[in-house]
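Now the structure itself:
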C-alpha cells in the first residue's frame with residue numbers, strides 16, 4: 001500500500017457492512033486493522049494483533065463496548081486499554097497493556113481511518129449514497145484505462161452501460177484496489193442493479209488488463 005500523508009483519511013468500509021456488535025478485518029495505511037462496532041454503535045479501529053499472544057483481533061468478538069480476543073478472551077475498551085483478563089478476574093490490568101488505535105470517522109455511509117491526528121474531517125459526498133464495496137485485483141491505472149478518464153483525487157467516474165457511477169478508490173498494494181461504489185441518492189432499485197452490474201463489468205475489465213489480457 002502506498003504511503004498516505006499523516007492525517008489523511010482512507011475509506012476502509014461501508015457503514016452497512018459493520019453492524020453493531022461485529023468486527024471485520026480491514027487494511028489501513030499503517031497496516032492491518034480490526035475494525036469493530038460496539039453494541040451501542042460506535043466504530044473503532046485497532047491494530048490487528050492482541051498484545052498477549054499476537055492473535056488477530058479481527059477474529060475476536062464484541063461484548064458490549066469492548067472487543068475481546070478469541071484466544072484467551074482479553075477484552076479491550078475503544079481507547080485500546082485492556083479491561084479484562086478472564087484468567088485473572090480479580091486483576092485490574094495495568095494501563096501499559098493496550099492496543100494501538102487509529103482515528104475513525106463514520107459518516108455518509110462510509111467508515112474512514114486516519115493515520116495520525118487529522119486536521120479536518122473526511123470528505124462528504126453530497127447527493128451520493130454508497131451502494132457496495134468490492135476488491136479489484138488491479139491498480140488504479142487499470143481502472144482508469146477501462147473508465148477512459150483519470151481519477152479526480154480518490155474519485156473515478158464510470159458510465160459503462162448505466163447512469164454514471166462514482167467510484168471511491170482506496171489502493172491496497174501494488175495491484176489491488178478497494179472500490180466503494182457510489183450512486184445518486186434516491187436511485188431506483190433498477191438503477192442500483194444497473195450500477196452494480198456496471199461496477200462488476202469494470203472490475204472484470206480492469207483485472208483483464210492487469211493480468212495481461214484484453215478488456216471485455
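In the UniProt record's numbering, the protein residues as written are 1 to 216.
All C-beta atoms, glycine included, are put in the ideal place defined by N, C-alpha and C.
All values reported here derive from a predicted model rather than from experimental measurement.
Our two residues, residue 86 and residue 6, have alpha carbons roughly 37 angstroms apart in a direct line.
Linking residue 159 to residue 165 through their CA atoms gives a straight-line distance of about 6 angstroms.
Beta-bridge annotation (DSSP): residue 128 is paired with 184.
The residue from 163, 145 and 71 with its alpha-carbon nearest to that of residue 203 is 145.
Of the candidates 119, 131, 36 and 61, the residue whose Cα lies closest to the Cα of residue 193 is 131. In the three-state DSSP reduction, residue 192 falls in the helix class (H, G or I). DSSP places residue 175 outside any beta strand (DSSP E), giving it a letter other than H or E. Counting along the chain, residue 144 sits inside the alpha helix (DSSP H) bounded by residues 140–147.
Put simply, the backbone Cα of residue 171 is about 29 angstroms away from that of residue 68. Taking residue 34 as the centre and dropping the five residues before and after it, the same chain places the C-beta of 23, 46, 48, 57 and 58 closer than 6 angstroms to its C-beta, in chain order. Within the same chain, Cβ atoms closer than 6 angstroms to the Cβ of residue 133 are found at 14 and 180, the five residues on either side in sequence being excluded.
Annotation: residue 126 to residue 120 spans about 17 angstroms, alpha carbon to alpha carbon. Leaving aside the five residues that flank residue 71 on each side, the residues in its chain whose CB is nearer than 6 angstroms to its CB run, in chain order, 53 and 55. Shown here, residue 37 sits in a strand according to DSSP, grouped into three states.
Cβ contact annotation for residue 210 (same chain, cutoff 8 angstroms, sequence separation greater than five): 137, 138, 139, 142 and 175, in chain order.
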